[in-house]
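Accompanying notes for the structure given below.
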Amino acid sequence: MAISDAPESVGTATGQSDSDLKLLSLRRRSSATSPGGLFHAEDAARDSGSDESSNNKNVEENKDCKSNHAASDDNNITNGARKEHGEEVIDVKYAYRPSVPAHRRIKESPLSSDNIFRQSHAGLFNLCIVVLVAVNSRLIIENLMKYGWLIKYGFWFSSKSLRDWPLFMCCLSLAIFPLAAFIVERLVQQKCISERVVVLLHLIISTVELSYPVLVILRCDSAFVSGVTLMLFTCIVWLKLVSYAHTNYDMRALAVSNEKGETLPNTLILEHPYTVTIRSLAYFMVAPTLCYQTNYPRTPSVRKGWVFRQLVKLIVFTGVMGFIIEQYMNPIVQNSQHPLKGNLLYAIERILKLSVPNVYVWLCMFYCFFHLWLNILAELLRFGDREFYKDWWNARTVEEYWRMWNMPVHKWMVRHIYFPCLRNGIPKGGASLIAFLVSAVFHELCIAVPCHMFKLWAFIGIMFQVPLVLITNYLQDKYRNSMVGNMIFWFIFCILGQPMSVLLYYHDLMNRKGEVD
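Residues 1366 to 1882 (the numbering used here) make up the sequence shown, in order.
Printed below as a string of structure tokens:
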């Protein structure tokens, strides 16, 4: 249907009086969301494909005709289309004439396969949110009616946690190891020790830093959450120590090459001179990154109001996560059997039932740590590079997921594991396998050590990602459809991965406690 900004026939407009045109005029707002008219001029013009120049010509002719009327009325009324106070005015008499074709070009339905990804689905997204709120509200009410209030103070604070002071003291003592690494770097900068001695000392420092907290946790009857927290801090400090030593070693090598007059690529020219300062190390140890460099991009100031809002969100989502764990996940896990020893159909039913609250908890954890906490820390330290994650939820393969969901660890792996392996002649497949092996070891340490048992479920789960990478890459190359790979990723992530691991570790932990008692 063609709707132009001017009437269809200008010649008939000259015989109309100003009062008749005023009664027939219809105001339409120029905005797409305007409630002032049923049809939008821009949409109609786009549908008709009419020539814009002819519309402008009609408007000018219309204005010439109107100039013959009384001067007093000329300030209020126009024949055809014009703008009054930011609003478009169109003559109803000549709009949507039956003689004008309503169908002028080929169009697809909005939900057709060729057009579905070109449309905005904001309304459907809002519908999904409303449905999720309604469904989960019913589930919350049903859960409270069935189990009552299950949250206890022991989830947040218990008498057992008072006995975790050795773990707390161990966590504070981890600061000794970065200081030792700094002393080693100062000695080599002053040429007091050789490169081989530097490598040996850094190896000893990093090994002791990783082994010491493990021994403390295994010797103490600590709470699981306290043990996991200490192991996470331990792994973070270890990764930072490796990056600190490796980066300084590489900067020394580049400085020596530069002194010899060797030609280096632009990418290897040091932006900042090689220096070893306690200030740069201290900032690196608290900054939300695992990759050391002497200087980082910095923001101009700290937004205190923004930090306060993020802290409130962090508290709220942590509470939501605790509510889901205590109110939903614990009853499901406690009423389950070992997934590898009990009835197969019952185990599948438990896994499927556990998958939904487990995904909620995992998403809350991701949002609290990677978005809220790391951004709060970055804002307080004025740390500029805040790409802590990418859109991993759109991952088409398992490989893409691991490259996007945890950017600090991914950058560390690429910088200190993957490319060093390639530079030493290891093929890409072998370098990727080594990176997954390192990741599997640290996942096992963070879970097995606080549980005081080594069943290798986390290690096997991470190493199982290697064949999944090959399978999803093959399917992606074969079908060339992002939806297939993304659905496979979510299926593995939601059902075959974490819920299975939760049940395995829970029952093995309960069996261990039963044997100890």
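Don't be surprised by glycine CBs; every beta carbon is placed ideally from N, CA and C.
Since the model is a prediction, treat every value here as computed from it, not as a measurement.
Where residue i falls: helix, strand or coil (DSSP)
i, result
"residue 1734", "helix"
"residue 1921", "Residue 1921 is absent from the model: the chain starts at 1366 and stops at 1882."
"residue 1805", "helix"
"residue 1754", "coil"
"residue 1703", "coil"
"residue 1728", "helix"
"residue 1658", "coil"
"residue 1742", "helix"
"residue 1472", "coil"
"residue 1391", "Residue placement at residue 1391 is poorly supported in this model, since its pLDDT is 37, which falls under 50; the coordinates are not used for a value here."
"residue 1715", "helix"
"residue 1477", "coil"
"residue 1514", "coil"
"residue 1680", "helix"
"residue 1484", "coil"
"residue 1458", "helix"
"residue 1675", "helix"
"residue 1554", "helix"
"residue 1669", "helix"
"residue 1639", "coil"
"residue 1540", "coil"
"residue 1546", "helix"
"residue 1653", "coil"
"residue 1623", "helix"
"residue 1501", "helix"
"residue 1508", "helix"
"residue 1723", "helix"
"residue 1491", "helix"
"residue 1695", "helix"
"residue 1400", "Confidence in residue 1400 is poor, its pLDDT being 38 and thus under 50, which makes the residue's placement unreliable; the coordinate value appears in the next sentence. Three-state result, residue 1400: coil."
Residues bridged to residue i (per DSSP)
i, result
"residue 1748", "1663"
Nearest-angstrom beta carbon gap, residue j and residue i [assumed within contact, 8 Å]
i, j, result
"residue 1575", "residue 1599", "6 Å"
"residue 1738", "residue 1679", "6 Å"
"residue 1640", "residue 1659", "6 Å"
"residue 1796", "residue 1824", "Wrong, their Cβ atoms sit about 19 Å apart, outside the cutoff."
"residue 1653", "residue 1773", "7 Å"
"residue 1815", "residue 1649", "Not really, about 27 Å apart at Cβ, beyond 8 Å."
"residue 1672", "residue 1741", "6 Å"
"residue 1657", "residue 1508", "Their Cβ separation, rounded to whole angstroms, is 47 Å, which puts residue 1657 and residue 1508 out of contact at 8 Å."
"residue 1850", "residue 1761", "4 Å"
"residue 1515", "residue 1696", "7 Å"
"residue 1532", "residue 1585", "6 Å"
Proximity test, residue i beta-carbon vs the ligand PLP heavy atom, cut-off 7 Å
i, result
"residue 1703", "The ligand content of the structure shown is nil, which means the ligand PLP is not present either."
Review point. Is the segment 1742-1749 touching the segment 1808-1824 in the sense that three or more CB pairs, one from each, lie closer than 8 Å?
Key: no
**Study point:** contact_flag[the segment 1599-1606, the segment 1538-1546] where n(CB pairs < 8 Å) is 3 or more
**Key:** yes
Review point. Fully enclosed by the segment 1557-1618, which alpha helix (DSSP H) runs are 4 residues long or longer?
Key: 1560-1584
Practice item. Determine, using beta-carbon pairs with one atom in the segment 1671-1689 and one in the segment 1853-1870, whether at least three such pairs fall under 8 Å. Key: no
Review point. Which whole runs of the alpha helix (DSSP H) in the segment 1755-1782 are 4 residues long or more, in chain order?
Key: 1763-1769 and 1772-1778
Review point. Taking three-plus beta-carbon pairs below 8 Å as touching, is the segment 1765-1773 in contact with the segment 1707-1726?
Key: no
Review point. How about the segment 1827-1838 and the segment 1793-1802: do they share at least three Cβ pairs that are nearer than 8 Å?
Key: yes
Check your understanding: Within the chosen definition, does the segment 1866-1875 reach the segment 1694-1710 through at least 3 CB pairs nearer than 8 Å?
Key -> yes
Exercise for review: Let me know the alpha helix (DSSP H) ranges lying completely inside the segment 1784-1863, each 4 residues or longer, listed in chain order.
Suggested key: 1784-1788, 1793-1816, 1822-1828, 1830-1844 and 1847-1856
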